[in-house]
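Undergrad: Attaching a single structure in structure tokens format; questions to follow.
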Amino acid sequence: MSWLLAFLGFLFGAGFALSYDLPILSVAVLCAAVGFALPHLARRRAAAPQPPDAAGQGSRTAYLPLPERVLRLEREVAQLRAEMARLRAHGPAAGGAADVAGAGAGRAADDAVPPATAAAAGAADARGLPPLVQEDPQALPSSADAEVFPAAPPTPAVAAAMAAGAAGAAVPMRAVSPVSSVSSAPPVAAQAASDDDVDLDAYLDTPLDTAPAASPRVKLREPDAVERAVAAIRGWLLGGNTVVRVGMIVLFFGIAFLLKYAADNDMFPVEFRLAGVAGAAIALLAVGWRLRDRRHAYGLVLQGGGVGVLYLTVFAATRLYALLPAGAALPLMIAICVLSTLLAVRQNAAMLAFMGSAGGFLAPVLLSTGGGSHVMLFSYYALLNAGILAIAWFKAWRPLNLLGFVFTFGIGAAWGASAYQPALFASTEPFLLLFFLMYVGIALLYAIRRNLALKHYVDGTLVFGTPLVAILLQAALVQGKEFALAYSALALAAFYLLLAAWLRRSHGRLALLFEAMLALGVIFATLAVPLAFTGPTTSAVWAIEGAAIAWVSVRQRRLLALGFALLLQIAAGLVFFSLQTYYSQASVPLPVLNGNYIGKVLIAVAALFTAWLLNGKPLNGKPAAAAWRRELPGIGAAMAVWGMLWWTAGGLYEIHQYFDLYPYAASVWQYALDADILFLVLTAWMAHGLCRALDWPLARWPGAALPPALAIAGALASLAAAPLSTVVALPVGLALSWLLLYRERDDLPPRLLDALHTLSFWTLCGLLTMEGYARLGAWVPEGTWQWSAWAYGYGLMLLLLAGPGARLAWPVRRHARAYLVWGATPLAVLLWGWSLLSVFSDGDAAPLFYLPLLNPLDVAILLAALAATVWVRRLDALDLRPAGKPYGRGSPLPRALAALTAFVWLNAMLLRTLHHWSGVAYDLDALSASTLVQAAVSVFWTVCALATMILATRRGSRPLWFTGAGLLAITVVKLFLFDLSYLSGISRIVAFIGIGVLLLLIGYFSPLPPRKTGATENSA
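If you want it as structure tokens, here you go:
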């Protein structure tokens, strides 16, 4: 094969070089190398891994369609019958006497089959032939199928054999080898198998002496473009008489060389040369026609060569030698086209029709002088396309259909780009519509004629290419006409939808073609919207259309349609966002009831409807949505998020658009925040209603998102002086949020519910504290009243929560850990930190007189201590503190922190008292330099040490006693290192005498407790 293609490439290269005065040897060798390399390239591509059953198939049958495989099987059956008839007619039995058991089985089978079949089976058994198994009569093609896919006439030998075996043809037979009949399943069981369980390609390629067994369906590797091209060349060369085809190519080049030589040497007048060539072409046609029955392939090659030579002769006489005018040459080419088409249809030769039609389409181009009428051109092409349409009524010749499609629209587009003007619309538009309808009809006829094929019965190029090319050409024709293209797209949508309805009603087997027509109708309906309306309206219509398509796709389980619906809704949102308009004071539309906001609402509703289809309850009692939810996880949730994003963002954007128009927006921002909070609460409750009404679990998540949203709103409201008074919607929102959590108490996950309750409690505490801070600061701006408000707010909330609040069955008792652990712990930590920071406050009680323990700061600290104590006791009562932790039950850490905090607070209270009563400035330098302060601190520390050690002695706690002793030691060191140097006079005397007396008392009343055993010490 490689050398043959190399030889043909060499001849082609030599002829091409002679025609264009190129280096003959170089061009010929190059073409020969290309021809030699093509088979090697194809073999290398074919070496890719293939299924096991496909690897052994012949290259000529691996990609044959089903009708051709059926015809091939019929021919093999006919040859088998002829061989059986020959064996019956000649000689004695080759296998000797039949087996007794086999004869018995044959006699038993005679009772179950017709006489003719029984006779044939008996003759086969007597001669040792494989037994005959009855075939299903429906397995053979019907007469109607034979008309659609006509078979080549059988050879005389086969015809004679079939006539001789007519007696045995009453029931279709096939041969089965004895080995396979024993080892394989019985024939009846094999026939009962469904067609869907048997690989038809493997069955048809199975040798006749083996029983076809059911094999798993294996998808064959499709040939690529290079393989198809090589297969086409090889099929043309080797499909019939290779020698005559190569000879025709060589003869074609020879005639071309003869004409060139005769022209160069002026051997004959040009008229005689052309007439001789035309005569030779007619002779080829006549000889090919005469040989159509005896040598079918040979005759077709001669006729094809004759048609090609006639085209070349007319072209040369018109364009090269100017012997014929264009007006006379065009009818000649039309006549050649009609003649070749008739010959092709008559002889079932697609290649002959292809050559004739190609010449017919090229004739106006080759003979054009540039001054013709487009009406005449398109009328001529309409006649040619009518011929192709007529052929498509009888023959499914795809190359011919594609040839007409490419030439018609390609040459039409080229003319439009160079010569079309708006004034020619009336004479051009009818031809575009006519060509469009013709090729839609050709595509339909091709599918109908190919309806026996398992696949590839839809010509995608014509089905989808025709409307695409038509709408592009229509756009060029109607450019500048308002709504013309929109009406065109709408008309195409209606046409394809009606066509889809007709196909579904009349041709139920063409399901793929029906889906293609339906898809085209939907696409053009979608395209008509943006061509007719503005951006927001287009987006809204697309969103609604996407939701409708999603509904149909879920009901019919169409994954591709669902993907298109989702992409359409996303495209609607993106288009709307890109065309977003902003309001101005000059043109303020009606709030809410305007196209901009309604478009957002429709996009959101469409997405939420799609999400409900994929995650909601089953439709009509069928678990369609549930099945899709299992197969497409996350799609419904993603669409729900998309819809809620558009709903929420659209509503908030609409609210702020109007408030931003006012020049005093800075003073009314809190009203916008009120509107935002009410909108979010309304959204959460609407989603809750949908969840209950539609049994839609996803719809409860907006309610779960309400507490975080209110927390953010509370943080924004805290920018105001008094958040609860300025933003009045916050209390309403918090109350409705808690009510919503109550209604969802059994549906949401427990951990999530605890987190939401904790967040809501924090939001309430923060708002109340901020409100108290603002109100108390406004009421008493002097002193430490405003600073104490933090402890009043958080302390009261912690005290109420741990005290009477802990008795509430809901929400505190039901979510005890959420409130008393997660919610209260941050409050306790804040109060402890606030108490330590209060050391830096002088505790001014203005306008009241300062009294220790009875000033706003000390009262707040006592309130915090009381709240913390009640809270810890509540944790111990409910057993919410984990044992074994540093902060758990029985741990000394909380008590140590409490004692340290109390010691710091008492020291600060002493310093604040000295500040207010003795006039010492409340700063570190002044307090350090004051002898009164140092003496008082030393005596106070000694008193604290005395109290600690006495308590330790009574409890028998050595660690506590050593703590007091450590404080006493620090006091003594301070007394001798600091007080002895800086104190003088009465202050020194009082300090030393007082501390000495206290030490004596400590030694008398608080001796060191005795050492106890390990268990007793630990319990103490």
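The numbering of the sequence shown is this note's numbering, which starts it at 21 and goes up by one.
Ideal placement from N, C-alpha and C gives every residue a C-beta, glycine not left out.
1. Compute the beta-carbon to beta-carbon distance between Phe-596 and Ser-559, rounded to the nearest angstrom, for a pair I have assumed lies under 8 Å.
2. On the CB-based measure, 16 or more other CB atoms within 10 Å of its CB, does Ser-508 come out buried or exposed?
3. Out of Arg-575, Thr-557, Thr-546, which one is the CA nearest neighbour of Glu-565?
4. Have a look at Ala-919 and Leu-987 and give me their C-alpha separation to the nearest angstrom.
5. Quick one: what does DSSP say Arg-974 is sitting in, helix, strand or coil?
6. Measure from the alpha carbon of Trp-417 to the alpha carbon of each residue in Leu-397, Phe-427, Asp-479, then state which is nearest.
7. Between the region 437-451 and the region 418-427, do at least 3 Cβ pairs fall closer than 8 Å?
8. Would you say the region 854-873 touches the region 923-932, given that touching needs at least three Cβ pairs under 8 Å?
9. What would DSSP say about Tyr-440, mapped onto helix, strand or coil?
10. Just the Cα atoms here: how many angstroms apart are Leu-444 and Gly-461?
11. Among Gly-815, Ile-543, Leu-761, Leu-772, which has the Cα closest to the Cα of Tyr-793?
12. Enumerated in chain order, which unbroken segments of the beta strand (DSSP E) with a length of 3 residues or greater are wholly contained in the region 304-385?
13. Could you give the first and the last residue of the continuous alpha helix (DSSP H) run that contains Leu-582?
14. Locate the alpha helix (DSSP H) running through Val-1042, then write down its first and last residues.
15. Taking the alpha carbon of Gly-786 as the point to measure from, which residue in Ile-468, Leu-739, Gly-803 has its own alpha carbon closest?
16. Please report the residue range of the alpha helix (DSSP H) in which Asp-479 lies.
17. Measure the CB-CB distance between Trp-782 and Trp-810 and report whether it falls below 7 Å.
18. Tell me whether the beta-carbon of Met-659 lies closer than 7 Å to the beta-carbon of Ala-631.
19. Put Glu-674 into one of helix, strand or coil per three-state DSSP.
20. Give the straight-line distance between the Cα atoms of Asn-368 and Ala-513, rounded to the nearest whole angstrom.
21. On the three-state DSSP scale, how would you describe Arg-1031?
22. Drop a sphere of 10 angstroms on the beta-carbon of Leu-482, count the other beta-carbons inside from all chains shown, and report buried for 16 or more, exposed for fewer.
23. Quick check: the region 760-772 against the region 720-736, are at least 3 beta-carbon pairs closer than 8 Å?
24. Along the alpha helix (DSSP H) that carries Gln-806, what are the first and last residues, could you check?
25. So Leu-931 and Leu-944 are in contact, right, with Cβ under 8 Å, and what is the actual spacing, rounded?
26. Helix, strand or coil for Gly-500, going by three-state DSSP, please let me know.
27. Which residues in the same chain as Ile-881 place their Cβ atom closer than 8 Å to its Cβ, once the five residues preceding and following it in sequence are excluded?
28. Pair every Cβ in the region 613-628 with every Cβ in the region 662-672, then say whether three or more of these pairs are closer than 8 Å.
29. Which residue marks the beginning of the alpha helix (DSSP H) containing Asp-878, and which one marks its end?
30. Going by C-alpha distance, which of Ala-506, Val-1017, Ala-591, Gln-589 is nearest Leu-551?
31. On the three-state DSSP scale, how would you describe Val-612?
32. For Glu-674, which residues of its own chain have a beta-carbon under 6 Å away from its beta-carbon, when the five flanking residues on both sides are left out?
33. Using the rule of at least 16 other Cβ atoms within 10 Å of the residue's Cβ for burial, across every protein chain shown, is Pro-450 buried or exposed?
34. Give me the residue from Leu-971, Ile-970, Gly-976, Ser-958 with the minimum Cα distance to Val-992.
35. Mark Ser-780 as exposed unless 16 or more other C-beta atoms lie within 10 angstroms of its C-beta, in which case mark it buried.
TA: The structure says:
1. As a first step, residue 596 must be located in the sequence shown, where it is residue number 576. As a first step, residue 559 must be located in the sequence shown, where it is residue number 539. Right, the Cβ-Cβ distance comes to about 4 Å (below 8 Å), so this counts as a contact.
2. What you label residue 508 is simply residue 488 of the sequence shown in a count that begins at 1. Buried, by the Cβ-count rule.
3. Position 545 of the sequence shown, counted from the start, is the residue given in the question as residue 565. Here the closest residue by C-alpha is Thr-546.
4. Residue numbering aside, residue 919 sits at position 899 when the sequence shown is read from its first letter. Residue numbering aside, residue 987 sits at position 967 when the sequence shown is read from its first letter. So the alpha carbons of these two residues sit roughly 13 Å apart.
5. Numbered from its first residue, the sequence shown carries residue 974 at position 954. If DSSP states are grouped into helix, strand and coil, Arg-974 belongs with the helices.
6. Walking along the sequence shown from the start, residue 417 turns up at place 397. Out of Leu-397, Phe-427, Asp-479, Asp-479 has the C-alpha closest to the C-alpha of Trp-417.
7. no
8. yes
9. Taking the first residue of the sequence shown as position 1, residue 440 is located at position 420. In this structure, Tyr-440 counts as coil in the three-state DSSP scheme.
10. Position 424 of the sequence shown, counted from the start, is the residue given in the question as residue 444. Position 441 of the sequence shown, counted from the start, is the residue given in the question as residue 461. Roughly 26 Å between the two C-alpha positions.
11. The residue given as residue 793 occupies position 773 in the sequence shown. Nearest C-alpha to Tyr-793: Gly-815.
12. Runs found: none.
13. For this step, residue 582 is matched to residue 562 along the sequence shown. From DSSP, the alpha helix (DSSP H) with Leu-582 extends over 579-598.
14. The chain is shown only over 21 to 1040; residue 1042 falls outside these bounds and no answer can be derived.
15. The count along the sequence shown starts at 1 and reaches residue 786 at position 766. Ranking the options by Cα distance to Gly-786, first place goes to Leu-739.
16. The residue you call residue 479 lines up with position 459 of the sequence shown. Neither: Asp-479 is in no alpha helix (DSSP H) and is coded neither H nor E.
17. Sequence index remark: in the sequence shown, residue 782 carries index 762 (1-based). Sequence index remark: in the sequence shown, residue 810 carries index 790 (1-based). Not a contact, by the Cβ cut-off of 7 Å.
18. Your numbering for residue 659 matches position 639 in the sequence shown. Your numbering for residue 631 matches position 611 in the sequence shown. Cβ distance < 7 Å, so Met-659 and Ala-631 count as in contact.
19. Numbered from 1 along the sequence shown, position 654 holds the residue referred to as residue 674. In this structure, Glu-674 counts as helix in the three-state DSSP scheme.
20. By one-based count along the sequence shown, residue 368 stands at place 348. By one-based count along the sequence shown, residue 513 stands at place 493. Near 37 Å, if we compare the C-alpha coordinates of Ala-513 and Asn-368.
21. For the purposes of this step, residue 1031 is taken as the residue at position 1011 of the sequence shown. Arg-1031: coil per DSSP, three-state reduction.
22. On the sequence shown, residue 482 is found 462 positions in, with the first residue counted as 1. Buried, since its Cβ has 16 or more Cβ neighbours within 10 Å.
23. yes
24. For the purposes of this step, residue 806 is taken as the residue at position 786 of the sequence shown. Its alpha helix (DSSP H) spans residues 805-822.
25. Counting from one through the sequence shown, the residue named residue 931 turns up at place 911. Counting from one through the sequence shown, the residue named residue 944 turns up at place 924. Between Leu-944 and Leu-931 the Cβ distance is about 10 Å, and since that is not below 8 Å, they are no contact.
26. Counting from 1 along the sequence shown, the entry for residue 500 is found at position 480. If DSSP states are grouped into helix, strand and coil, Gly-500 belongs with coil.
27. Stepping through the sequence shown from its first residue, residue 881 is reached at position 861. If we look at Ile-881 and ignore the five residues flanking it on each side, its Cβ neighbours are Ala-811, Ser-855, Ser-858, Trp-925.
28. yes
29. The sequence position of residue 878 within the sequence shown is 858, counting from 1. From DSSP, the alpha helix (DSSP H) with Asp-878 extends over 876-897.
30. Indexing the sequence shown from 1 puts residue 551 at position 531. Comparing Cα-Cα distances from Leu-551 to each of Ala-506, Val-1017, Ala-591, Gln-589, the minimum goes to Ala-506.
31. On the sequence shown, residue 612 is found 592 positions in, with the first residue counted as 1. DSSP places Val-612 in coil when its eight states are reduced to three.
32. Working through the sequence shown from its first residue, we reach residue 674 at position 654. Tyr-617.
33. Here the question's residue 450 lines up with position 430 in the sequence shown. Counting other Cβ atoms within 10 Å of its Cβ, Pro-450 stays below 16 and is therefore classed as exposed.
34. Within the sequence shown, the letter at position 972 stands for residue 992. Of the listed residues, the one whose Cα sits closest to Val-992 is Ser-958.
35. Numbered from its first residue, the sequence shown carries residue 780 at position 760. Per the 10 Å Cβ criterion, buried.
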